[in-house]
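Protein chains in written order, with the UniProt record's numbering: chain A, 1 to 386; chain B, 1 to 366.
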């Protein structure tokens with residue numbers, strides 16, 4: 001069954017800098033924005049772009065991720081032709097090994113891609129928050145008769161040294177790629193989203209696999225190799241909200257961004273809907289003594305107390321006289337009466353005992369509260385015992 | 001187990017008093033408690049009772065019903081053989097002599113004959129509970145009844161529309177509208193399938209118009225009719241007043257929790273709208289709010305369906321507001337039912353009473 005485009009979604013990374021949040025689950029499966037998990041943005045972009053052949057590469061702690069994705073029904077990917085395939089590391093008669101790099105993960109699944117005889121390969125990450133029409137990027141790639149197209153976003157020049165920077169000619173063709181340059185020539189940062197002409201990139205992927213010095217990474221190895229051979233590489237400029245949820249601070253910020261009127265379309269849009277794996281819970285109940293402002297509250301919740309500038313996920317219960325401010329409360333959390341939370345992230349299923357006070361000191365990354373550290377946090381009044 | 005009993009929701013006999021709420025929709029599709037529709041409770045009751053095939057006799061205005069019941073899996077009805085069949089009136093047999101709801105029973109006879117179930121549970125819309133009928137079914141089998149009428153003892157059951165049962169030991173001997181009798185028949189019964197088919201044939205052949213009244217109620221002595229009493233939180237539907245009062249009663253926190261989040265969690269069509277947004281100046285108290293709602297104003301003792309917008313400076317009290325409606329700033333609403341896609345203009349005041357809520361019909365701009 002041939003498909004013009006096959007999307008490969010990289011969802012196997014560990015997300016080390018998310019600390020406690022990804023201790024037991026893969027980064028793309030981390031809850032986000034009230035009803036979602038981070039990967040829902042990319043999955044919904046695929047659904048809305050009508051790309052229906054999707055391989056999701058999983059590796060690190062995939063239990064929750066696999067359960068969440070299922071056969072792709074929430075995104076209309078439960079299909080007879082193509083559809084969603086979860087691709088995990090495997091062994092066969094020649095080898096058994098883990099995915100060791102973004103390009104390596106693709107190479108090890110060449111047989112998956114080849115069965116569709118695709119013209120284009122779309123490579124995506126499962127940990128970005130954005131709304132993007134991949135169809136338009138593929139059209140751009142086609143119009144330029146490009147071998148590879150890389151999606152870029154303009155970042156402030158002072159931040160450019162933290163990104164992979166693409167230097168382009170006036171027609172958008174790329175002449176140079178610099179990974180985290182000290183003196184950036186431009187502010188076009190790679191978003192890690194690639195369209196490749198499959199027949200062109202395939203030999204490069206195979207050659208890279210043989211190269212023992214390679215990191216098997218698209219940014220570090222494949223793109224430079226294509227550039228070296230003067231292949232046709234183009235930058236596709238993306239305008240709009242985009243965030244790579246890389247650290248606890250940026251995770252917290254991008255959640256808080258949803259409370260800003262300017263960004264609310266990220267989840268409220270009707271023309272580019274983001275689809276959660278919906279849990280069919282009753283509408284939330286708001287109790288007698290509540291004061292709620294600038295916050296999001298989700299189904300299955302029973303709310304009392306004071307909630308300000310916060311995001312509460314599915315089935316959260318808060319008891320009377322709680323005070324929750326600038327915080328993110330994951331699903332199935334109970335906050336007992338009188339507890340005070342300020343700029344913290346409470347992980348799935350945690351019970352915050354009555355009267356507990358946990359605040360993140362000014363200037364520090366938000367504290368992540370889990371089953372395993374909550375006792376220590378309460379004893380120290382916010383600082384985890386090191 | 002799941003093949004033992006077939007479900008049927010009969011919406012044909014409903015002569016409701018739901019005014020504007022049923023102008024454009026079947027009574028079964030009336031929104032209830034935010035994201036639900038009335039029929040969800042019936043579907044969930046049946047599913048938790050071990051029923052996995054449910055037929056729905058729908059006589060009119062069934063578009064929203066067809067849409068709502070589109071996906072069995074939304075209702076937790078998992079498994080390859082789980083099905084909901086909405087059965088509208090569509091037949092062109094010139095020799096057909098059936099009348100009343102017998103038209104439905106007769107022309108959808110395949111629902112019964114194709115099923116391997118030996119029993120059928122049949123319900124109208126009136127009685128709403130979150131309990132299942134497993135125990136009633138066990139009783140039905142234990143006493144080897146032909147028919148088991150499901151009842152409850154209820155001192156405040158609505159008058160005029162709810163039949164009352166007279167019983168002698170386990171047998172039901174009479175059914176009438178004697179209000180002094182608190183033993184209410186809930187409109188739900190279990191019947192042996194072969195007997196149901198016989199009764200349908202008898203009714204059709206004798207020009208009867210109501211399967212239940214003429215086939216069963218008038219001929220109680222001919223069958224072994226048992227009864228089983230429910231003992232759980234319940235509500236009765238059928239009039240605007242009851243609909244409104246039920247909504248308000250369910251705003252009690254513990255009643256709401258038990259009824260909608262208890263052991264048999266009621267399922268409904270899934271919605272993918274985002275979490276509710278409470279903006280800076282919102283004041284919300286004792287209310288139930290659904291996905292996609294945006295609140296900038298004041299909300300008290302109210303039920304809000306999907307995507308409702310309450311603008312800054314608007315106040316709503318004791319209000320039931322259906323999906324996509326907008327209450328603009330400065331408006332004041334009290335004791336109202338606002339149907340779907342309604343726009344309440346700025347500074348408008350609409351006030352009903354507890355027994356006669358003001359109703360804004362679907363798509364109106366007031």
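Positions of the beta carbon are idealized from the N, C-alpha and C atoms, including for glycine.
The criterion of a C-beta distance shorter than 7 angstroms is satisfied by residue 266(B) and residue 44(B).
In the structure shown, the three-state DSSP call for residue 202(A) is helix. Rounded to whole angstroms, the Cβ separation of residue 161(A) and residue 179(A) is 10 angstroms, and the two are not in contact under 8 angstroms. The C-beta of residue 292(B) has 16 or more other C-beta atoms within 10 Å across all chains shown, which makes the residue buried. Among the residues facing chain A, residue 338(B) is not included, as its CB has no counterpart in that chain under 7 angstroms away.
For residue 275(B), the nearest CB of chain A lies under 7 angstroms from its own CB, placing it at the interface with that chain. Rounded to the nearest angstrom, the Cβ distance from residue 3(B) to residue 117(B) is 6 angstroms, consistent with a contact under 8 angstroms. A direct Cα-to-Cα measurement between residue 250(A) and residue 213(A) gives close to 33 angstroms. With fewer than three CB-CB distances shorter than 8 angstroms, the segment 60-71 of chain A does not count as touching the segment 294-309 of chain B. The beta-carbon distance between residue 280(B) and residue 301(A), rounded to whole angstroms, is 20 angstroms. This is too long to meet the 8 angstroms contact definition. Secondary-structure assignment with DSSP links residue 235(A) through a beta bridge to 150(A). For residue 263(B), there are no neighbours in chain A by C-beta distance under 9 angstroms, as the nearest C-beta there is about 14 angstroms away.
Residues of the same chain with a CB within less than 8 angstroms of the CB of residue 283(A), apart from the 5 flanking positions on each side, are 299 in chain order. If you draw a straight line from the Cα of residue 166(A) to the Cα of residue 262(A), it comes to about 28 angstroms. Between the C-alpha atoms of residue 321(B) and residue 46(B) there is a straight-line separation of about 28 angstroms. Comparing C-alpha distances from residue 156(B) to each of 297(B), 184(B) and 226(B) shows the shortest one belongs to 184(B).
The beta carbon of residue 287(B) falls within 7 angstroms of a beta carbon belonging to chain A, placing the residue at that interface. Of the candidates 192(B), 362(B), 177(B) and 42(B), 42(B) places its Cα closest to the Cα of residue 130(B). Going by DSSP, residue 351(B) is part of the beta strand (DSSP E) stretching over 349-351. Put simply, the CB of residue 31(A) is far from chain B, with every gap to its CB atoms at 7 angstroms or more. Assignment of beta-bridge partners to residue 36(B) by DSSP yields 32(B).
Using beta-carbon distances, residue 270(B) counts as an interface residue toward chain A, with a partner under 7 angstroms. For residue 44(A), no beta strand (DSSP E) run applies; the uninterrupted alpha helix (DSSP H) run containing it begins and ends at 39-48, by DSSP. The beta carbon of residue 68(B) lies closer than 7 angstroms to those of 29, 37 and 269 in the same chain, with the five residues before and after it left out. In this structure, DSSP gives residue 148(B) an extended state, which the three-state scheme calls strand. For the pair residue 29(A) and residue 255(A), the Cα-to-Cα distance works out to about 15 angstroms. Per DSSP, the beta-bridge partners of residue 316(B) are 299(B) and 333(B). Residue 267(A) reaches chain B at 274, counting residues in chain order whose Cβ is nearer than 7 angstroms. According to the DSSP assignment, residue 159(B) belongs to no alpha helix (DSSP H), since it is labelled neither H nor E.
Counting only unbroken stretches of 4 or more residues, the alpha helix (DSSP H) elements lying wholly within the segment 14-85 of chain A are 39-48 and 63-69, in sequence order.
Relative to the Cα of residue 346(A), the nearest Cα in the group 22(A), 5(A) and 280(A) belongs to 22(A). A distance of 7 angstroms or more separates the beta carbons of residue 299(B) and residue 193(B).
Look at the segment 308-335 of chain A: it has no residue with a C-beta under 7 angstroms from a C-beta of chain B. The three-state secondary structure of residue 361(B), taken from DSSP, is coil. With respect to the C-alpha of residue 297(B), the residue from 207(B), 169(B) and 317(B) having the closest C-alpha is 317(B).
With contacts defined as CB atoms closer than 7 angstroms, residue 217(A) and residue 102(A) qualify as a contacting pair.
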